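Participant:
Residue numbers (our numbering), protein chains in the order written: chain A, -8 to 405; chain B, 98 to 248.
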């Protein structure tokens, strides 16, 4: 794996276009490209861990440990009404493509509507806030892969500026560049849709993620699985069973590193499981089990490239460092501390992880820093293996219901 | 309504309607909230607090900890979606959303919520389709109850 410094990776905007030809990823992943022979689809997309689209003026709010990429969205069926958008956060903890309305400047996508023509709008609760905006349809291209007629969420549209109270009851809106921290989120997690069957049923069990919005105001509606904001990968013609994230190892903090997102598991010569171990998850929660200091945290661990640190346990747990005085969401040990934990799949697979926790104040002291190994914070009772877990690893995420050489998804492998 | 003894201290009671109190609120003043989250309720108590456990209609397991003086000093939840946090956090909700938004920027990225204010603590973990959370008012914890005891 070749590490490319920040100066060499300032071309995200071009990555989508470059990826249209096979072997596109030579800058970051030359060793594993090549496809499965003649006619195979280019399935490698460059990703960069950098300070992201909020780093410069006017926000001057650099992201840390965010894996960014670009996607191209077109009006369905068109090859000319298109826009390539950079600064899209790669998130294995969610499913579906969401783009800020403010970033969708040069293409107008068709609105998804109910049978009576009224617009469908979504409220999507993340762990740290909600996104609200219309569901629109796009042909999405990334590397050589295309998801045709993909329902996506457009966040913060001025056409639907009033967020229903039932939606903000889930948390604070993340509806612009400042609050979202990215131009969009590419959810490539183990779930095939963002909601699932719960949203297909009317009545009190419906969680209230999809709304129909006549002029009189928005009301919760049911939404079929195929009309939900789906994981774009499942709509690819091939390479549609999962994704691989490859990032170089990182010591301490740096301006940035680059890596690859490879689509498909065992579908081409460059995406086989190799000697990776498959860890299946509880399909109802998307979690596996983590053991730490002989304590078992059942169904409480998960891999999430969209979390910017390893968030686990708390300072009240024996052996854990204190949090930072000025940032209670991060740990601040005096020096770097070594830890190990064991992840256990529902399939009985088990493996030990060695990782470090550094002083977050030190790691993030410089605003040019975009990547920091050792960044960690409290998360009582839970192991959220965020982006630092991915450093120096090849991490496979298999999508629910899809078959792979390692068995059916959902699972993680590394 | 057959109470049964569990582990010597806990008595479980099945009730026909769920009650939902807000953090910091008075448990006797929340009968109007009963219809808000439809589902099953069980109540148990020990010497330090009364625990109301509600399974909401969307599959979220909510627990409310009520002090001997009748105040809700802590709430927890776990399930595929968030519960109605405005309902659950009550007068702390606006404080929560302001702190949540500020923390997203301070954190320089996304991650679980960990708000530690002098009079209000809230932690939210998880990912799409699987969330858990815990909120409490430190000053209202009954004697002998630590934050770690709230699960």
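Just so it is clear, CB atoms sit at the ideal spot from N, CA and C, and this is done for glycine as well.
Here the structure is a predicted model, which is why all the values come from computation and not from measurement.
Examine the Cβ distances between the stretch 218 to 229 of chain B and the stretch 369 to 389 of chain A and report whether three or more of them are shorter than 8 Å.
Facilitator: The count of Cβ pairs closer than 8 Å, one atom from the stretch 218 to 229 of chain B and one from the stretch 369 to 389 of chain A, reaches three, so the stretches are in contact.
Participant: Between the alpha carbons of residue 207 of chain A and residue 102 of chain A, how many angstroms are there, rounded?
Facilitator: Taking the first chain and counting its residues from 1, the one referred to as residue 207 of chain A is at position 216. Taking the first chain and counting its residues from 1, the one referred to as residue 102 of chain A is at position 111. Whole-angstrom Cα-Cα distance: 18 Å.
Participant: Check whether the Cβ of residue 316 of chain A lies closer than 8 Å to any Cβ atom in chain B.
Facilitator: As a first step, residue 316 of chain A is located in the first chain; it is residue number 325 there, counting from the start. Taking Cβ atoms only, chain B never reaches closer than 8 Å to residue 316 of chain A, which makes this a no.
Participant: Give me the chain B residues within the contact set of residue 185 of chain A, using Cβ-Cβ distance strictly less than 9 Å, ordered along the chain.
Facilitator: Numbered from its first residue, the first chain carries residue 185 of chain A at position 194. Correct list: 225, 226.
Participant: Could you spell out the range, first to last residue, of the beta strand (DSSP E) harbouring residue 74 of chain A?
Facilitator: As a working note, residue 74 of chain A is residue 83 in the first chain. Start and end: 73 to 82.
Participant: Scan the stretch 290 to 306 of chain A for residues whose Cβ lies nearer than 7 Å to a Cβ of chain B and list them as they occur along the chain.
Facilitator: 293, 295, 297, 298, 299, 300, 302
Participant: Could you tell me which residues DSSP pairs with residue 131 of chain A in its beta bridges?
Facilitator: Looking up residue 131 of chain A in the first chain gives position 140. Looking at the DSSP assignment, residue 131 of chain A forms a beta bridge with A:64, A:138.
Participant: Give the straight-line distance between the Cα atoms of residue 236 of chain B and residue 64 of chain A, rounded to the nearest whole angstrom.
Facilitator: In the second chain, the residue the question calls residue 236 of chain B occupies position 139. In the first chain, the residue the question calls residue 64 of chain A occupies position 73. So the alpha carbons of these two residues sit roughly 52 Å apart.
Participant: Would you mind sorting residue 239 of chain A into buried or exposed? The rule is 16 or more other CB atoms within 10 Å of its CB.
Facilitator: Position 248 of the first chain, counting from 1, holds the residue named residue 239 of chain A. Answer is buried; the Cβ neighbour count reaches 16.
Participant: Could you spell out the range, first to last residue, of the alpha helix (DSSP H) harbouring residue 158 of chain A?
Facilitator: Reading the first chain from its first residue, position 167 is the one you call residue 158 of chain A. Here the alpha helix (DSSP H) through residue 158 of chain A covers 156 to 159.
Participant: Would you check if the stretch 224 to 231 of chain B and the stretch 170 to 190 of chain B touch, i.e. whether three or more CB-CB distances between them fall below 8 Å?
Facilitator: These segments touch.
Participant: Under a three-way DSSP split, which group does residue 193 of chain A fall into?
Facilitator: Walking along the first chain from the start, residue 193 of chain A turns up at place 202. Here residue 193 of chain A sits in coil by DSSP.
Participant: Tell me residue 176 of chain A's beta-bridge partners as DSSP assigns them.
Facilitator: In the first chain, the residue the question calls residue 176 of chain A occupies position 185. Its beta-bridge partners are A:80, A:89.
Participant: Near residue 86 of chain A, which residues of its chain fall below 6 Å by C-beta distance, leaving aside the five closest residues on each side in sequence?
Facilitator: Here the question's residue 86 of chain A lines up with position 95 in the first chain. The residues are 178, 180, 182, 185, 222.
Participant: Out of B:162, B:157, B:170, B:163, which has the shortest C-alpha to C-alpha gap to residue 181 of chain B?
Facilitator: Stepping through the second chain from its first residue, residue 181 of chain B is reached at position 84. Nearest of B:162, B:157, B:170, B:163 to residue 181 of chain B, Cα basis: B:157.
Participant: Per the contact definition of three or more C-beta pairs closer than 8 Å, is the stretch 371 to 391 of chain A in contact with the stretch 65 to 72 of chain A?
Facilitator: no
Participant: Taking Cβ-Cβ distances shorter than 9 Å, what residues in chain B pair up with residue 202 of chain A?
Facilitator: In the first chain, residue 202 of chain A corresponds to position 211, counting from 1. Per Cβ cutoff of 9 Å: no residues; residue 202 of chain A is ~15 Å from chain B at best.
Participant: Could you name the residues of the same chain whose beta carbon sits closer than 7 Å to that of residue 234 of chain B, not counting the 5 residues immediately before and after it, in chain order?
Facilitator: In the second chain, residue 234 of chain B corresponds to position 137, counting from 1. Same-chain partners within the cutoff: 120, 121, 170, 216, 217.
Participant: Taking 8 Å as the CB-CB cut-off, is residue 179 of chain B touching chain A?
Facilitator: Walking along the second chain from the start, residue 179 of chain B turns up at place 82. Interface residue, yes.
Participant: Can you tell me the Cα-Cα spacing of residue 81 of chain A and residue 91 of chain A, whole angstroms?
Facilitator: The residue given as residue 81 of chain A occupies position 90 in the first chain. The residue given as residue 91 of chain A occupies position 100 in the first chain. Rounded to whole angstroms, residue 81 of chain A to residue 91 of chain A spans 15 Å at the Cα level.
Participant: Quick one: is residue 144 of chain A buried, meaning 16 or more other Cβ sit within 10 Å of its Cβ, or exposed?
Facilitator: Position 153 of the first chain, counted from the first residue, corresponds to residue 144 of chain A. By the 10 Å Cβ count, residue 144 of chain A comes out buried.
Participant: Taking CB distances under 8 Å as the criterion, tell me whether residue 206 of chain B reaches chain A.
Facilitator: Here the question's residue 206 of chain B lines up with position 109 in the second chain. True, the Cβ-Cβ gap to chain A drops below 8 Å.
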